[in-house]
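Have a look at the structure below, then the notes.
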Amino acid sequence: MITQIYGIISKEQALACLEAGADYIGLVLNDSIKKDHVMLPEALDIFAAIGDRAKKVAILDLGLCGEEAVLALAKELRPDILHLCGSVTTNRDFYRRCRQEMPGMEIMQAVGMVGPEAVDFATAHAEWADYYILDTVKTGESGVGAAGATHDWNLSRQIVEAVGDRVKVILAGGLGPHNVAAAIEAVRPYGVDSLTMTSIEKDGVFLGKDVEKVREFCRIAHTY
Numbered sequence: 001m002i003t004q005i006y007g008i009i010s011k012e013q014a015l016a017c018l019e020a021g022a023d024y025i026g027l028v029l030n031d032s033i034k035k036d037h038v039m040l041p042e043a044l045d046i047f048a049a050i051g052d053r054a055k056k057v058a059i060l061d062l063g064l065c066g067e068e069a070v071l072a073l074a075k076e077l078r079p080d081i082l083h084l085c086g087s088v089t090t091n092r093d094f095y096r097r098c099r100q101e102m103p104g105m106e107i108m109q110a111v112g113m114v115g116p117e118a119v120d121f122a123t124a125h126a127e128w129a130d131y132y133i134l135d136t137v138k139t140g141e142s143g144v145g146a147a148g149a150t151h152d153w154n155l156s157r158q159i160v161e162a163v164g165d166r167v168k169v170i171l172a173g174g175l176g177p178h179n180v181a182a183a184i185e186a187v188r189p190y191g192v193d194s195l196t197m198t199s200i201e202k203d204g205v206f207l208g209k210d211v212e213k214v215r216e217f218c219r220i221a222h223t224y
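Each residue of the sequence shown is one higher than the last, beginning at 1 in UniProt numbering.
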């Protein structure tokens with residue numbers, strides 16, 4: 001069972017999460033004021049610090065950017081995995097272009113777990129994704145994820161059973177040390193992701209990761 005930790009805003013936090021057991025490290029590149037986003041210089045520093053000790057995952061498609069802008073950013077940042085959860089949805093042409101222009105970079109497509117239609121979406125797009133991340137959709141948000149809430153794990157299990165032999169499925173959505181074991185037992189994914197439940201906030205200000213919660217989350221997940 002692999003572990004993916006999101007909400008990394010500095011190289012120091014990235015290294016601490018690596019030491020705590022994270023297999024994949026994720027960041028969000030955007031110039032918005034959202035609490036857990038970083039700019040390109042910071043993202044480059046974080047990925048340089050990680051090196052090849054973990055898979056480097058990046059969300060580049062929040063805001064108004066489309067496929068061209070996402071590819072241009074990917075060529076600068078060079079993530080191991082491009083996580084699509086906003087303005088871009090993987091498709092045949094985009095997937096092929098990524099293979100040609102960024103060989104070795106994999107595609108992680110977010111699947112918004114809003115109902116049975118999520119299973120249909122996952123089945124329809126499986127040919128053009130290396131990973132799915134099954135995540136909760138927050139009311140009023142345009143992207144998928146960062147909701148800090150779980151969803152119907154029965155639907156997630158259906159997706160694993162439908163496409164798990166073709167696509168690596170990562171379960172996300174409100175996961176932390178308190179519920180990751182139950183989530184794994186229910187869904188049997190390839191990996192599990194944590195953002196909100198392993199982060200620290202005070203008065204609405206994002207302060208980074210709670211390394212001890214990250215450590216416990218990874219410890220539990222790695223027993224599977």
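Yeah, the Cβ is synthetic: ideal placement off N, Cα and C, and Gly gets one too. Because the structure is a prediction, the values reported are computed rather than measured.
Specify whether the segment 112-129 and the segment 77-97 touch according to this definition: at least 3 beta carbon pairs, one from each stretch, less than 8 Å apart. Look at the beta carbons and you see the segment 112-129 touching the segment 77-97: at least three pairs across the two are nearer than 8 Å.
Is the number of C-beta pairs between the segment 37-52 and the segment 98-112 that are closer than 8 Å three or more? No contact exists between the segment 37-52 and the segment 98-112.
Taking the C-alpha atoms as reference points, what is the distance between I33 and F206? Reliability of the predicted coordinates at I33 is poor, the pLDDT of 46 falling under 50, and the value obtained from them is presented with this limitation in mind. About 11 Å.
Would you grab the beta carbon distance between V111 and L134 for me? Rounded to a whole angstrom, and I think it's under 8 Å. Contact holds; Cβ gap of about 5 Å.
Take every Cβ of the segment 176-188, pair it with every Cβ of the segment 10-24, and state whether three or more of those distances are shorter than 8 Å. Contact between the segment 176-188 and the segment 10-24 is absent, because fewer than three Cβ pairs lie under 8 Å.
Going by beta-carbon coordinates alone, are T136 and T150 separated by less than 8 Å? Here T136 is near T150, since their CB atoms are less than 8 Å apart.
DSSP state of M108 mapped onto helix, strand, coil: DSSP places M108 in strand when its eight states are reduced to three.
C-alpha distance - W153 paired with V114, whole-angstrom precision: When rounded, the distance between both Cα atoms is 11 Å.
Tell me the DSSP secondary structure of I2 in three-state form. Here I2 sits in strand by DSSP.
Could I get the ranges of all uninterrupted beta strand (DSSP E) runs contained in the segment 163-204, with 3 residues as the minimum, in chain order? Segments of the beta strand (DSSP E) lying fully in the segment 163-204: 168-171, 191-194, 199-202.
Given a threshold of 16 other Cβ atoms within 10 Å of its Cβ, counted over all protein chains shown, does H37 qualify as buried or as exposed? Taking all protein chains in view, the Cβ of H37 is crowded by 16 or more other Cβ atoms within 10 Å, so the residue is classified as buried.
Going straight from the alpha carbon of residue 271 to that of Q100, what length do you get? For residue 271 there is no data in the structure shown, the boundaries of the chain being 1 and 224.
Tell me where the beta strand (DSSP E) around I81 begins and ends. First-last of the beta strand (DSSP E) with I81: 81-84.
Is the beta carbon of I159 less than 8 Å from the beta carbon of V119? At a Cβ-Cβ threshold of 8 Å, I159 and V119 count as neighbours.
Hey, out of Y6, D23, S10, A72, whose CA is closest to Y190's CA? Ranking the options by Cα distance to Y190, first place goes to D23.
Would you kindly check if the distance between the Cβ of I5 and the Cβ of K209 is under 8 Å? In contact: K209 and I5 (Cβ atoms closer than 8 Å).
Tell me whether T223 is buried or exposed, calling it buried when 16 or more other Cβ atoms sit within 10 Å of its Cβ. Exposed, by the Cβ-count rule.
Any idea if P41 is buried or exposed, counting beta-carbon neighbours within 10 angstroms, 16 or more meaning buried? Burial call: exposed.
Distance, Cα to Cα, I9 vs A43? Cα-Cα distance, rounded: 8 Å.
What did DSSP end up calling L207 once you bin it into helix, strand or coil? When DSSP states are grouped into helix, strand and coil, L207 belongs to the strand group.
Sub-8 Å separation of L77 and V70 beta-carbons: Cβ distance not < 8 Å, so L77 and V70 don't count as in contact.
K138 - containing alpha helix (DSSP H), residue span: Here K138 belongs to no alpha helix (DSSP H), and DSSP marks it neither H nor E.
Relative to the C-alpha of V211, which residue among P177, K202, R188 is closest? Checking every option, the nearest Cα to that of V211 belongs to P177.
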